[in-house]
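Per our numbering, residue 31 is the first one in the sequence shown, and the count goes up by one each step. First comes the structure, then the notes that go with it.
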Amino acid sequence: MSPSSSDNGDSAPVMADGHPGSGTTADSGGHRHGEAAPLVTAVRLPHELDYRLRGLGAEPTDQIPATPARTDQHQHRRGSLLVKAALFLALTVVAVLLLQAFVIQPFAVPGNAMSPTLQAGDRILVVKSGLLEGPIRGGDIVVFHPPRSLGCTVVGGRGGDLVLRVVALPGDTIWSVGETIFVDGRLLRERGWYSPRSGQVGSTPIRSTTLGRDQYFVLADNRSDACDSRVFGPISTSSVVGEGIAVVGRHGHVFLGTL
């Protein structure tokens, strides 16, 4: 009898890996004499594959889905914003040009003739004369083309337009006596327009002047500066560029004030 045989003559069971077993019967109802024990082969299921091989797909590289083209989208969005910004800037420039051409015109004040109301170099906004809501009134500050024969020198000016205050209207008669101004026989009440340092008339009196139907008499608020209608006479309606409505700049800085 061979050492590998059991007492009842059965062969030792064979394990799944092909090696003989321990020589004991797995259960009480062992195999009948003469019958070979069935061979059991262990098969690994797909989910039991070596974990080191997991995720190693062999898909062809040409089938990998492409990454969304975010760079192209960003460039397209940026280009669209630049176009909108350029369009907005162009519209703004056109609007400003239209305003300057037909509605409002900026103007730099020459000299100190309108001190203390305005100072030399002040930037003011002028509404064009054709768009004024009503006629020019006494006390309004107007910008106008000066007469060709000015007869005086504008301090700080360069031969351009002037800015002065209207004190008498078409049809009025104006004159002065001492330091008092009369319009149609009534005292001119200026509400503090003129500079107290120079007085209401200053050193140059107003000769009696009757205005035509399209003429205005203009004076500087600084009456010591006589480069106004006392020297060059009344101004015509056609010479008026517009009415000053606001100060927007002073000494190179933003300065807001109404006139």
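Yeah, the Cβ is synthetic: ideal placement off N, Cα and C, and Gly gets one too. As the structure is a computational prediction, the values presented were derived from the model and not from experiment.
Counting only the same chain and skipping the five closest in sequence on each side, list residues whose C-beta sits under 8 Å from that of residue i.
i	result
Lys158	Phe132, Val133, Ile134, Gln135, Val271, Gly272
Leu286	Ala276, Val277, Val278
Arg62	Here Arg62 scores only 48 on pLDDT, less than 50, and its place in the model is too uncertain to base an answer on.
Trp223	Thr147, Gly169, Arg195, Asp251
Ser225	Ser145, Pro146, Asp251, Asn252, Arg253, Ser254
Between the Cα of residue i and those of the options, spot the shortest distance and give me the residue it belongs to.
i	options	result
Cys257	Ser233, Gly169, Leu289	Ser233
Leu218	Trp205, Val139, Ser268	Trp205
Asp202	Arg178, Pro264, Val284	Pro264
Leu289	Ser254, Pro165, Ala198, Ile154	Ile154
Ser268	Ser110, Gly164, Ile166, Asp244	Asp244
Asp251	Leu121, His283, Ser145, Ala116	Ser145
Ala143	Pro176, His104, Ser254, Phe247	Ser254
Leu241	Pro200, Val213, Glu209, Gly109	Pro200
Leu161	Gly274, Arg280, Val284, Gly282	Gly274
Arg221	Ala115, Ala116, Gln230	Gln230
Val284	Ala198, Tyr246, Asp152	Asp152
Val172	His281, Gly282, Lys114, Tyr246	Tyr246
Val213	Arg108, Pro226, Val207, Ala198	Ala198
Arg227	Lys114, Glu209, Ala116	Glu209
Along the chain, where does the beta strand (DSSP E) containing residue i start, and where does it finish?
i	result
Ser206	203-207
Gly274	270-280
Val213	210-213
Pro165	No beta strand (DSSP E) contains Pro165, which DSSP labels as neither H nor E.
Tyr246	245-249
Pro136	134-138
Val284	283-288
Arg195	192-198
Arg153	153-158
Using C-beta distances below 6 Å, list every residue in its chain close to residue i, excluding the 5 sequence neighbours before and after it, in chain order.
i	result
Gly181	Val261, Phe262
Pro176	Leu192
Starting from residue i, trace the alpha helix (DSSP H) in both directions and tell me its first and last residue.
i	result
Arg260	259-262
Taking C-beta to C-beta, are residue i and residue j nearer than 8 Å?
i	j	result
Asp137	Val156	Note on identity: in this sequence residue 137 is Phe, with Asp being the wrong assignment. Yes. Within cutoff.
Val196	Ile236	no
Ser259	Val248	yes
In its own chain, which residues sit with a C-beta less than 7 Å from the C-beta of residue i, not counting the 5 before and 5 after it?
i	result
Thr54	Per-residue confidence for Thr54 stands at a pLDDT of 43, beneath the threshold of 50, marking its modelled position as unreliable; the derived number appears in the next sentence. Closer than 7 Å at the Cβ level, and outside the excluded window around Thr54, lies no residue.
Ser238	Thr203, Trp205
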